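Those letters in the sequence shown? Residues 22 to 302, per my numbering, in order.
Using N, Cα and C, we set each Cβ at its ideal position, and we do this for glycine too.
Note that the coordinates shown come from a computational prediction; the quantities given were computed from them, not determined experimentally.
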Amino acid sequence: MGRYTIVSELGRGACGVVFRARDSALDREVAIRVLWPHLTGDREVVGRLHREVEVLCRLSHPNVVKILGSGTIGERQFVALELVNGADLGRRTGQAGRPQMEEVLSWLTQASEALAYLHENRIAHRGIRPGNLMVDPMGHLTVMDPGLALDAGLLVSTEPDSTVGAARYLPPEASRNEPPFLPQDVWALAITAHELLTGSAWCEPLATEAMVRRVRTDPPPTLEGLLAEAPAWLIELQRRALEKDPEKRLLAADYRDSLAEGLTMVSTQRLPVRPRRPPRP
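As structure tokens, this is what we get:
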């Protein structure tokens, strides 16, 4: 593989196989994602993938995985990226149960920092969900696979699930067959927030078409009445981030600012999360 020497396999999923590799040019270990052939069988798709990688290589943010380049192995396409040590939030929360609110707010603040940065650069992530959010043992979060999309909306993902699982994070406007755009990321992160805060999926698994119909017709999920310790500001923030009309939905930067402010309040107060009303004079 030229400058890359495969060390071991890290995992495989719907979009390909991920390897730990040694980069002789950078003299460090990296991750190599080799894509399944059926995802890149079209020359136009391959060309778009490599063009996107060229743009993404110029990005630099502490909460966004560093994309290092792309290439071809025989007829297989691959993407080289920074090796991130840690566990994705889908696995982490599944193993450890429902995390503390302060911890979740820290993760969400970091994820929204990354989204705000991507959106400032006019890049839609197109694959926000717990499996694409990696957290190291110190609590530092890295958003994986920014802006990498393949044919039929299938995303280059670290998450070893099917498109049925990924469909849970699609917004109502996904049914319009329009190119992905920025408000979709905010919806996906808000759904992720709901699931991390409550410790469970917001609905049962459905095929993509059925899920899109559901989010179009049913009210968005709410924390009200579901999470007793949820403060009023967080319930309202989630409502605004899950606005069905994408033009009325919160911007990523506004979501980030509100989460950061809320995290400061929760960290300062510790308990109770919901402040008591002051006594009447």
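Exercise. Buried or exposed: residue 177, going by 16 or more other Cβ atoms within 10 Å of its Cβ?
Worked result: The count along the sequence shown starts at 1 and reaches residue 177 at position 156. Summary for residue 177: the model assigns pLDDT 33, below 50, so the residue's position carries little reliability; its value from the coordinates is reported in the next sentence. Residue 177 is buried by the Cβ-count criterion.
Exercise. For the beta strand (DSSP E) that residue 56 lies in, which residues bound it at each end?
Worked result: Position 35 of the sequence shown holds residue 56. Looking at the DSSP string, the run of the beta strand (DSSP E) that includes residue 56 is 49-56.
Exercise. Where do the ends of the beta strand (DSSP E) carrying residue 165 lie?
Worked result: Along the sequence shown, one-based indexing puts residue 165 at 144. Where residue 165 is concerned, there is no enclosing beta strand (DSSP E), given that its DSSP letter is neither H nor E.
Exercise. Taking the runs of the alpha helix (DSSP H) that are 4 residues or longer, which of them lie wholly in the stretch 54-136?
Worked result: Listed in chain order, the alpha helix (DSSP H) elements of length 4 or more contained wholly in the stretch 54-136 are 64-77 and 110-117.
Exercise. At a cut of 8 angstroms, does the stretch 93-107 reach the stretch 118-130 through at least three beta carbon pairs?
Worked result: These segments do not touch.
Problem set entry | From 289, 280, 167 and 46, residue whose alpha carbon lies closest to that of residue 80 | Taking the first residue of the sequence shown as 1, we reach residue 80 at position 59. Considering only alpha carbons, the answer is 167.
For this session: Indicate whether residue 252 and residue 286 have their beta-carbon atoms separated by less than 9 angstroms.
Result: Taking the sequence shown and counting its residues from 1, the one referred to as residue 252 is at position 231. Taking the sequence shown and counting its residues from 1, the one referred to as residue 286 is at position 265. Taking 9 angstroms as the cut-off, the Cβ atoms of residue 252 and residue 286 count as close.
For this session: Determine the extent of the alpha helix (DSSP H) in which residue 210 is found, giving its start and end residues.
Result: Here the question's residue 210 lines up with position 189 in the sequence shown. Counting along the chain, residue 210 sits inside the alpha helix (DSSP H) bounded by residues 203-219.
For this session: Can you grab the Cα-Cα spacing for the pair residue 103 / residue 127, in whole Å?
Result: For this step, residue 103 is matched to residue 82 along the sequence shown. For this step, residue 127 is matched to residue 106 along the sequence shown. Whole-angstrom Cα-Cα distance: 22 angstroms.
Problem set entry | Three-state secondary structure (DSSP) of residue 45 | For the purposes of this step, residue 45 is identified with residue 24 of the sequence shown, where counting begins at 1. In the structure shown, residue 45 sits in coil (DSSP, three-state: anything other than H, G, I, E or B).
Exercise. Leaving out five residues before and five after residue 157 in sequence, what residues of the same chain have Cβ atoms less than 7 angstroms from its Cβ?
Worked result: Locating residue 157 in the sequence shown gives position 136, counting from the first residue. Here residue 157 has 106 and 107 as same chain residues with Cβ atoms under 7 angstroms from its own Cβ, once five neighbours each way along the sequence are excluded.
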